[in-house]
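Numbering (the numbering used here), first residue to last: 468 to 862.
C-beta: ideal position from N, C-alpha, C; glycine also.
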Ligand code: GLY
C-alpha cells in the first residue's frame with residue numbers, strides 16, 4: 468500500500484510538472500477595460516489643472532496623484548499601446564478611437580534624435596497601431612523614427628548611444644534597456660528592404676552580448692564606451708542595487724531583447740543568449756514563489772525589498788515568445804502562466820482605484836527612491852501584451 472501511494476505521488480508530481488495554470492483572460496481584460504475607463508477620466512482632470520501644457524500620457528502615481536508626461540518622456544508610448552491592446556481584445560470602437568487619438572500625440576517623437584528611447588515611444592504606440600491597422604501613415608512614422616534612431620549609432624563602438632545626460636559619470640553610456648529599441652530597426656528593414664537598420668541592430672546586439680553580460684548571463688545595466696576606440700571604460704548600474712548586482716528589469720529587457728532579435732534574424736546565438744538569461748532569472752535563489760522579482764536579484768534585505776511587477780510583466784511576455792522557439796516550451800509557458808496569474812490576482816489594482824492603473828507594486832528606481840512600489844504604465848503595457856500572447860497560444 469505504502470509503495471502504491473508513493474507511485475501515485477511520483478506520477479502526480481511528474482504530471483504536475485507538465486500542467487499549466489489557467490489564466491482567466493476574460494476577467495483580466497474586463498478589469499483592464501474598466502480601469503482604463505477610469506484612467507481616461509483622470510487624464511482629463513489632470514490636464515485641466517496642470518500648469519504644463521505638453522502632458523500627453525500617464526506614467527505613474529506620485530503621492531497618490533496621477534503623474535503624466537510629455538511625449539519626449541521614454542514612457543509616453545505605453546498608454547497608447549495599451550489602448551491598441553484593449554481594442555485588439557475587445558474590438559470596441561471606443562478603444563480604437565482612443566488608441567488613434569493618443570498615438571497621434573506621440574508621433575512628433577519620430578524627429579527627436581536626442582534619445583535612444585525611440586523604440587519604446589514609437590514602436591509600442593505607432594508600431595502596435597500599424598500591426599493592427601496596417602495604416603500607411605503609421606508605416607511612414609516607423610520608417611522616419613528608425614532613420615532618426617540610426618543617427619545615434621557609432622560604427623567605432625558598434626552600438627547605439629543611450630543617454631545624452633549624465634556626462635559627469637559616463638562618456639558614451641549604453642544601457643541594457645537599449646536592446647528593446649532594436650525592434651523598431653528590424654521592423655524598418657522588414658518594411659523597406661533597406662538592410663542598414665538591420666545591420667545596426669545586429670551590431671548592437673552582438674556588441675552587447677560581448678560586453679554587457681557576466682559569465683552567469685546576468686547583465687550589467689550601464690556599459691560606458693570610448694566613442695573613438697570602442698574600448699569599454701566602465702560597467703555599472705544606475706537603477707540597480709550595486710554595480711555588480713542584477714537589476715531585475717534590466718534582466719527582463721535583455722531576455723525580451725534577445726528573444727525578439729531571434730524572431731527577426733533566426734540567429735541561434737540570440738536564442739542561446741535568451742535561454743541563458745531566462746535560466747539565470749528563473750533559477751535564481753531570490754526569485755520568489757509567485758515569480759514577481761524583487762527590484763534587484765541581489766537586493767540586500769530580501770524578502771523586505773520592493774517588488775518590481777514591471778520586470779515580471781516584461782519577462783512573462785518574453786517567455787511566451789521564447790517558448791514558441793524553444794525545446795523548453797512547456798516550462799517557459801508554465802513559468803509565464805504563474806507570473807500572469809500573480810499579476811492578475813495579487814498585484815491587480817482594486818477596481819476603480821489607483822487612478823485607473825491596472826497593476827500595482829512596480830519599482831522605477833530604488834537607488835534614487837523614485838517610483839518605488841507604485842503603478843507604472845509599462846507594467847500595464849507588457850501585462851496586456853503577455854495576456855494577448857497567452858491567448859494566441861491556444862493551448
Ligand atoms: N528604460 C528605463 C527603465 O527601465 O527604467
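| said: If we require 3 or more residues per run, which beta strand (DSSP E) segments fall completely within the segment 516 to 587? | reply: 522 to 529, 532 to 537
| request: For the beta strand (DSSP E) containing residue 640, list its first residue and its last residue. | output: Numbered from its first residue, the chain shown carries residue 640 at position 173. Where residue 640 is concerned, the enclosing beta strand (DSSP E) stretches over 640 to 642.
| Proximity of residue 705 and residue 679 at Cβ, strictly below 7 Å | Position 238 of the chain shown, counted from the start, is the residue given in the question as residue 705. Position 212 of the chain shown, counted from the start, is the residue given in the question as residue 679. Not in contact: residue 705 and residue 679 (Cβ atoms no closer than 7 Å).
| query | Bridge partners of residue 630, per DSSP? | reply | What you label residue 630 is simply residue 163 of the chain shown in a count that begins at 1. Looking at the DSSP assignment, residue 630 forms no beta bridge with any residue, so it has no partner.
| query | What three-state label does DSSP hand residue 664 in the structure shown? | reply | Your numbering for residue 664 matches position 197 in the chain shown. Helix, per DSSP.
| request: Pick out whichever of 498, 518, 758, 712 has its Cα sitting closest to the Cα of residue 774. | output: Start at 1 with the first residue of the chain shown, and residue 774 comes out as number 307. Closest by alpha carbon: 758.
| Which whole-angstrom value describes the C-beta separation of residue 649 and residue 728, a residue pair presumed to lie in contact below a C-beta threshold of 8 Å? | Taking the first residue of the chain shown as 1, we reach residue 649 at position 182. Taking the first residue of the chain shown as 1, we reach residue 728 at position 261. Their Cβ separation, rounded to whole angstroms, is 6 Å, which keeps residue 649 and residue 728 in contact under 8 Å.
| What's the C-alpha gap between residue 682 and residue 622? | Numbered from its first residue, the chain shown carries residue 682 at position 215. Numbered from its first residue, the chain shown carries residue 622 at position 155. If you take the alpha carbons of residue 682 and residue 622, they lie about 26 Å apart.
| Going by alpha carbons, who is nearest to residue 644 out of 813, 851, 845? | Position 177 of the chain shown, counted from the start, is the residue given in the question as residue 644. Nearest option by C-alpha distance: 845.
| message | Quick check on residue 848: buried or exposed, where buried means 16 or more other Cβ atoms within 10 Å of its Cβ? | response | Indexing the chain shown from 1 puts residue 848 at position 381. Buried, because 16 or more other Cβ atoms sit within 10 Å of the Cβ of residue 848.
| residue 837, enclosing beta strand (DSSP E) - first and last residue | Taking the chain shown and counting its residues from 1, the one referred to as residue 837 is at position 370. 837 to 841 is the span of the beta strand (DSSP E), which, as asked, contains residue 837.
| Ordered along the chain, which non-local residues of its own chain (more than five positions away) have a Cβ less than 7 Å from that of residue 499? | Mapped onto the chain shown, residue 499 falls at position 32. 553, 825, 851, listed in sequence order.
| field | Reduced DSSP secondary structure (H/G/I, E/B, other) of residue 595 | value | Position 128 of the chain shown, counting from 1, holds the residue named residue 595. Reduced to three states, the DSSP call for residue 595 is helix.
| From residue 696 to residue 624, what does the alpha carbon distance come to, in whole angstroms? | As a position in the chain shown, residue 696 is number 229, starting the count at 1. As a position in the chain shown, residue 624 is number 157, starting the count at 1. Looking at the two C-alpha atoms, the distance is approximately 7 Å.
| query | residue 638 to residue 717, Cα distance in whole Å? | reply | As a first step, residue 638 must be located in the chain shown, where it is residue number 171. As a first step, residue 717 must be located in the chain shown, where it is residue number 250. Roughly 21 Å between the two C-alpha positions.
| residue 854 - DSSP class collapsed to helix/strand/coil | Within the chain shown, residue 854 is the residue found at index 387, counting from 1. DSSP places residue 854 in helix when its eight states are reduced to three.
| task | For residue 743, I'd like the list of residues in its chain whose CB is within less than 8 Å of its CB, leaving aside the five on either flank, ordered along the chain. | result | Counting from one through the chain shown, the residue named residue 743 turns up at place 276. Result list for residue 743: 684, in chain order.
| query | What did DSSP end up calling residue 637 once you bin it into helix, strand or coil? | reply | Counting from one through the chain shown, the residue named residue 637 turns up at place 170. In the structure shown, residue 637 sits in coil (DSSP, three-state: anything other than H, G, I, E or B).
| query | Taking the DSSP output, what are the residues bridged to residue 691? | reply | Locating residue 691 in the chain shown gives position 224, where the first residue counts as 1. According to DSSP, residue 691 bridges with 640, 701.
| task | May I ask whether a heavy atom of ligand 1 can be found less than 6 Å away from the beta carbon of residue 644? | result | In the chain shown, residue 644 corresponds to position 177, counting from 1. Yes, since a heavy atom of ligand 1 falls inside the 6 Å radius drawn around the Cβ of residue 644.
| message | Whether or not the segment 851 to 862 and the segment 782 to 795 are in contact is what I'm after, with contact meaning three or more pairs of Cβ atoms, one per stretch, closer than 8 Å; do they touch? | response | yes
| request: Tell me whether residue 529 is buried or exposed, calling it buried when 16 or more other Cβ atoms sit within 10 Å of its Cβ. | output: In the chain shown, residue 529 corresponds to position 62, counting from 1. Residue 529 is exposed by the Cβ-count criterion.
| query | Which residue's Cα is closest to the Cα of residue 800: 782, 560, 604, 613? | reply | For this step, residue 800 is matched to residue 333 along the chain shown. Here the closest residue by C-alpha is 782.
| For residue 618, does the three-state DSSP call read helix, strand or coil? | For the purposes of this step, residue 618 is identified with residue 151 of the chain shown, where counting begins at 1. Of the three classes helix, strand and coil, the one that applies to residue 618 here is coil, per DSSP.
| task | Let me know the secondary structure DSSP gives residue 830 once reduced to three states. | result | Taking the first residue of the chain shown as position 1, residue 830 is located at position 363. Three-state DSSP puts residue 830 in a strand.
| query | Does the beta carbon of residue 534 fall short of 6 Å from some heavy atom of ligand 1? | reply | Taking the chain shown and counting its residues from 1, one reaches residue 534 at position 67. Checking every heavy atom of ligand 1 against the Cβ of residue 534, none is found closer than 6 Å.
| CB contact flag (residue 746, residue 726, <7 Å) | By one-based count along the chain shown, residue 746 stands at place 279. By one-based count along the chain shown, residue 726 stands at place 259. For residue 746 and residue 726, no; Cβs fall outside 7 Å.
| request: Quick one: measure Cβ to Cβ for residue 526 and residue 542, integer angstroms, because I've assumed they're closer than 8 Å. | output: Position 59 of the chain shown, counted from the first residue, corresponds to residue 526. Position 75 of the chain shown, counted from the first residue, corresponds to residue 542. With a Cβ gap of about 5 Å, residue 526 and residue 542 count as contacting.
| Contacting residues, own chain, Cβ-Cβ under 7 Å from residue 485 (five flanking each side not counted) | To locate residue 485, count along the chain shown from 1; it is residue 18. Residue confidence is low: residue 485 scores 46 on pLDDT, short of 50, so the model does not pin down where it sits. Its coordinate-derived value is still stated next. Around residue 485: 797.
| said: Since residue 509 and residue 538 should fall inside the 8 Å C-beta cutoff, what is the C-beta to C-beta distance between them, to a whole number of angstroms? | reply: On the chain shown, residue 509 is found 42 positions in, with the first residue counted as 1. On the chain shown, residue 538 is found 71 positions in, with the first residue counted as 1. Residue 509 to residue 538, Cβ: 19 Å. No contact.
| query | How many whole angstroms separate the CB atoms of residue 585 and residue 615, which I take to be in contact at a CB cut-off of 8 Å? | reply | Stepping through the chain shown from its first residue, residue 585 is reached at position 118. Stepping through the chain shown from its first residue, residue 615 is reached at position 148. That belief holds up - the Cβ atoms of residue 585 and residue 615 are roughly 6 Å apart, short of 8 Å.
| query | CB residue 691 to CB residue 640, shorter than 7 Å? | reply | In the chain shown, counting from the first residue as 1, residue 691 sits at position 224. In the chain shown, counting from the first residue as 1, residue 640 sits at position 173. Contact: yes.
| said: For ligand 1, is there any heavy atom lying closer than 6 Å to the beta carbon of residue 716? | reply: By one-based count along the chain shown, residue 716 stands at place 249. Residue 716: yes, Cβ under 6 Å from ligand 1.
| According to DSSP, residues forming a beta bridge with residue 815 | Taking the chain shown and counting its residues from 1, the one referred to as residue 815 is at position 348. Paired residue(s): 826.
| task | Determine the DSSP secondary structure at residue 849, reduced to helix, strand or coil. | result | To locate residue 849, count along the chain shown from 1; it is residue 382. Correct three-state label for residue 849: helix.
| request: Quickly, what does DSSP pair residue 720 with across the bridge? List them, please. | output: Walking along the chain shown from the start, residue 720 turns up at place 253. Looking at the DSSP assignment, residue 720 forms no beta bridge with any residue, so it has no partner.
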